[in-house]
Each structure stands twice: as structure tokens, then as C-alpha cells.
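A.B. asks:
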Amino acid sequence: MLVRTAGARIVGEVTQRRERPDPGHFVGEGKAREIGQEATELGADVVVIDHDLSPAQVKNLEKAVGFKVLDRTEIILDIFATHARSRQAKLQVELAQLEYTLPRLRGQWQHLERIAGGRGGGGSAGTGGGSGPGGGAMSGAVGGLGTRGPGEKQLEVDRRMARDQIVKLKRDLAEIDKRKTREVRGRAENFTVALVGYTNAGKSTLMKRLTGADVLIEDKLFSTLDTKTHTWTLDGGMRVLISDTVGFIRSLPHHLVASFHATLEEVVYADLLLHVVDASHPDAEGHIAAVDAVLEKLGCADKDRLVVLNKMDAVRNRVGHELLRSKHPGALEISARMNNGLDVLRDAVGARLERTHVDVAIDVPAGDGRLLAYMMEHGRILERTLDGETWKIRARMAPWHASRLPRNGAPDAPARTLRTAARSKKR
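Here this note's numbering is used: the first residue of the sequence shown is -1, the next is one more, and so on.
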């Protein structure tokens, strides 16, 4: 799927099982020659290894197979470069590509022959087999597989200039990171939800169903690279902020997580994670484990979350699905595409939202419709009785919004801060 998303046609696959990868060629040297022969017979242009390779392994493999060799990270970066839209995403992709490329520079930029080699019209690309879960496929390239990004720029720079560029990119991203952090933290008054999940799990489709937002929906890996935040109105009129995030993938290199840290801020500061799973995928459990691993890297392993089993309309293996459900008994079953199960999801998120609320009792002048509307928008009215010219109201609201209510029903009283409200509650 990674190779196809990058724009290539797979023409063959080779798999090798080993106790451990060969330090020189990743696959055995004999297997490497076999891959090269098969790639030649199939008319392939490129060999892709579904695993990360060291610079020495790439060099040795290319010599043995007689083809340009790309590894898993290079394919992922190629896809990222295709889908980057915002300045932040483009900087993140360029940083990740340079950090990946720098230790692989050989001689007078001989690596650029590899970077430039796949440009131009379509052809065939071969992919070699890996060890254990690794492996690959012979594929036909449609365009520049593994060639997008800052490659052209590197023609004029040397190692020192590449390092300088990395420093500059990190500095620019640090400024964006600061602004992003301030922006995300500035939403403290709102309950925030982040959609997380394995790539192509249906997060963007779910976002569109829940919010009506005009978001890109494609049956491709990593079609969402820039984080988008929208307002989601729950039953009763309460509103939360919900963000779509870049899809995760198994064996996501640590440096990619670091490069996209600013993009993943939404996950770090969210009140609730909706872990969206493609329930129809035969390796759904493996996808869940891969997402959990990335959340662990982000320090979010213990964050409150709901598992959402999506694409229920496409589930065919009922026995496998029942096993999946048994491992995640609290999971919700939906089909975002068919608009099924979303009411249950809204109720579940509403219940999580209410857990954070506090009880409020306040007298509101009968003519103060603005204050009453504020309470209805940001909380749930439990009881409302009219006593002369005053509404006596009991409600449940988020602490931040409760802290903004006037004291003793006086409309012009200063709002209490969250800290003051917390101290008052402790007393």
C-alpha cells in the first residue's frame, strides 16, 4: 500500500524469513542477486525494501541487485512530500528528508544519482524481500518514486551546507512550534478531541460526518498531513473542538515523530483521543498496536481515549471481528461512510465531556438572555425556576466556563480564573 500510494505499480514481490537481518545486505547476498535477476526479468526500475536500511546496506544492495534501492522511510518521506500543503508541513518534510539523507552522502553527492534516478515517466519498479515482517514488492513507478523534496536543492550544497539548513529548519519549526503550542493551550476553555489512528482508517471521513467540514477524503495513506481543527456540536448544543491528525503507521521512525512534533501537538494537549480503527482490515489489531506505540513516544499512553471501530459496513470476517471486540470491550462500532453509529459516538463523547463538568448554582436576572444563552451553550441546565424577576438556575459546566460566570448574579462582576475557581472548590 505504501508503494502504491507513492505512485508506483507493483510488478512482483519477494519475501525472505531470517532470524536476523544480514548486516551487509539486510537480505542475504545470494537472495539479493536473486532479487536483482527477478527485477530484471519483470522489467522493474526500483527495488523497495519494506524496512529501514543503513547507508551501507543500501550501497551493498544496489551493487548486488543492479537497481536503485529505496527503503521504507524513503517511501514514507516521498508520500509526505506529496501531501504537504502548509508551510509547517513542508518544513517538517524537508527537515526529515535532510536528516535522512545527510548520513547517506557519499563522495561528491553520488547519492543524488539515486534521488534523481526515478524522475520522469512511468516504468516498473522492483521491490526486494525483507526479513520477518519485512519484505517487498516489484513495482512499476508512475513518476518520481523516492525523488520528491529537497533533492534538487542538494545539487548545490555540501555536507556543511546541509547541516546549516537543518539548523535553520529546526529554528523555523521551533518558532512555529511555539505559536502552535500557544494556540493549542489557548483553547483551554474548550473540551478538545483529537482523532488518531493508523493511516487510511477513515479519520477524515469521520471528521466530515461529525462537523460538516470540507476536508480532503482519499483512499490513500497519509492523505491528511496538516492538522485541521473544527467545531463539533453535540446533543444539547454543547460544543467541542475536534482535530484530525496525520495517520500513524507501524515502525514509524523516531526522527519522523520528532520532525512532526508540532503537528502532533493537538494529540498531546487533547482532553480525549478518538482512536479510529479500520475494523475491516485483516491486521486491525496490529494497527492498534502501532498507534499505541506512537502515542507512547508522544507521552500520551495514559491519555483518556475511546476506541472507534470504523468501516463496520466492510467487515466480512465476523469471527475475526468478534475476537477484536473481545480485546477492546469498550469500543464503539460505526461506519462513517454509511453514517451509522454516530449518535452513539456523540453520546459517548458527551458523557466524557460531562465528567469534567462542575455543578453551578446561580441567580440570573430574568432579562439577561445573554448570560442564560452562554450557560446553555457551554453547559447543561439541570433546573431552572423563575422567582419574581430572577431565574434560579442549577447547571453543570466546564470549570473554565463556570469560572467566567458573574458572582451573585451581578453581570459586571469580574470573571474568576481557573486557578481561583479551583482554590475555592478546595476550600
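In this text, a Cβ means the ideal position worked out from N, Cα and C, and glycines have one as well.
Note that the structure is a prediction, hence the values are computed from the model and not measured.
(1) Would you call the CB atoms of Leu304 and Ala192 closer than 9 angstroms?
(2) Measure how close the beta-carbons of Ser278 and Lys301 come, nearest whole angstrom, since I'm counting them as under 8 angstroms.
(3) Let's see if you can read the secondary structure: which residues bound the beta strand (DSSP E) around Asp341?
(4) Quick check on the DSSP output: the alpha helix (DSSP H) that includes Leu89 runs from which residue to which?
(5) If you pair each beta-carbon of the stretch 49 to 66 with each one of the stretch 23 to 32, do three or more pairs fall below 8 angstroms?
(6) What is the DSSP secondary structure of Trp107, counted as helix, strand or coil?
(7) Evaluate Gln14 with the Cβ neighbour count: other Cβ atoms within 10 Å of its Cβ, from every protein chain shown; 16 or more gives buried, anything less gives exposed.
(8) Measure the CB-CB distance between Val44 and Leu68 and report whether it falls below 9 angstroms.
(9) Is DSSP giving Leu239 helix, strand or coil here?
(10) May I have the straight-line CA-CA distance separating Thr243 from Gly210, to the nearest angstrom?
(11) Using CA coordinates, which residue listed in Lys88, Ala82, Leu0, Leu204 is at the minimum distance from Asn338?
(12) Which class does Ala371 belong to by DSSP, given the choice of helix, strand or coil?
(13) So, for Gly348: in the same chain, excluding its five sequence neighbours on each side, which residues have a beta-carbon less than 8 angstroms away from its beta-carbon?
(14) Pick helix, strand or coil for Asn188, following the three-state DSSP scheme.
(15) Could you tell me if Asp345 is buried or exposed, where buried requires 16 or more neighbouring beta carbons within 10 angstroms of its beta carbon?
(16) In whole angstroms, give me the CA-to-CA distance for Pro280 and Ile360.
(17) Rounded to a whole number of angstroms, what is the C-alpha to C-alpha distance between Arg18 and Phe24?
(18) Flag this pair as yes or no: are the beta carbons of Leu430 and Arg392 separated by less than 9 angstroms?
(19) Determine the burial state of Val159: buried for a count of at least 16 other Cβ atoms within 10 Å of its Cβ, exposed for fewer.
(20) Let me check understanding here. Comparing Cα to Cα, which of Leu351, Glu387, Asp385 lies closest to Arg378?
(21) Once DSSP output is grouped into helix, strand and coil, what is the label at Pro280?
(22) In terms of residue numbering, what span does the alpha helix (DSSP H) encompassing His228 cover?
(23) Have a look at the DSSP bridge pairing and note the partners of Val67.
(24) Suppose you measure from the CA of Ser84 to the CA of Leu100; what does that come to, to the nearest Å?
(25) From what residue to what residue does the beta strand (DSSP E) around Val313 run?
(26) What first and last residue would you give for the beta strand (DSSP E) that runs through Gly245?
(27) Looking only at C-alpha atoms, which of Glu263, Glu39, Ile286, Gln163 sits nearest to Ala329?
(28) What does DSSP give as the partner residue(s) for Tyr196 in the beta ladder?
C.D. replies: According to the structure shown:
(1) No, they are not a contact pair.
(2) Rounded, the Cβ-Cβ distance is 26 angstroms, inconsistent with contact.
(3) First-last for Asp341: 340 to 353, but that is the alpha helix (DSSP H), not the beta strand (DSSP E).
(4) 85 to 99 is the extent of the alpha helix (DSSP H) around Leu89.
(5) Proximity of the stretch 49 to 66 to the stretch 23 to 32 meets the contact definition, three or more beta-carbon pairs being nearer than 8 angstroms.
(6) Residue placement at Trp107 is flagged as unreliable, the pLDDT there being 46, under the threshold of 50; the coordinate-derived value follows with that caveat. Coil at Trp107, not helix or strand.
(7) Sixteen is the threshold: when 16 or more other Cβ atoms of the shown chains lie within 10 Å of the Cβ of Gln14, as they do, the residue is buried.
(8) Yes, Cβ-Cβ distance for Val44 and Leu68 is below 9 angstroms.
(9) Strand, per DSSP.
(10) Across the structure, Thr243 and Gly210 are spaced so that their CA atoms are roughly 17 angstroms apart.
(11) Selected option, being the one with the closest Cα: Leu204.
(12) Annotated three-state conformation of Ala371 is helix, per DSSP.
(13) Within its own chain, the residues whose Cβ lies closer than 8 angstroms to the Cβ of Gly348, once the five positions on either side in sequence are excluded, are Leu232, Asp233, Gly234, Met236, listed in chain order.
(14) The three-state secondary structure of Asn188, taken from DSSP, is coil.
(15) With fewer than 16 Cβ atoms within 10 Å of its Cβ, Asp345 is classed as exposed.
(16) Their Cα atoms are separated by approximately 54 angstroms.
(17) The straight-line gap from Cα to Cα measures roughly 9 angstroms.
(18) Absent from the structure is residue 430, since the part of the chain shown begins at -1 and ends at 425.
(19) It is Met, not Val, that sits at residue 159 in the sequence shown. The residue is exposed, with fewer than 16 neighbouring Cβ atoms inside 10 Å.
(20) Ranking Leu351, Glu387, Asp385 by Cα distance to Arg378 puts Leu351 first.
(21) In the structure shown, Pro280 falls within a coil segment according to DSSP collapsed to helix, strand and coil.
(22) Note, His228: premise wrong, no alpha helix (DSSP H); beta strand (DSSP E) at 226 to 231.
(23) Under DSSP, the beta-bridge partners assigned to Val67 are Val45.
(24) CA-CA distance, Ser84 to Leu100, rounds to 24 angstroms.
(25) Run containing Val313: none; DSSP gives neither H nor E here.
(26) Run containing Gly245: none; DSSP gives neither H nor E here.
(27) Answer by Cα proximity: Ile286.
(28) Its beta-bridge partners are Phe246.
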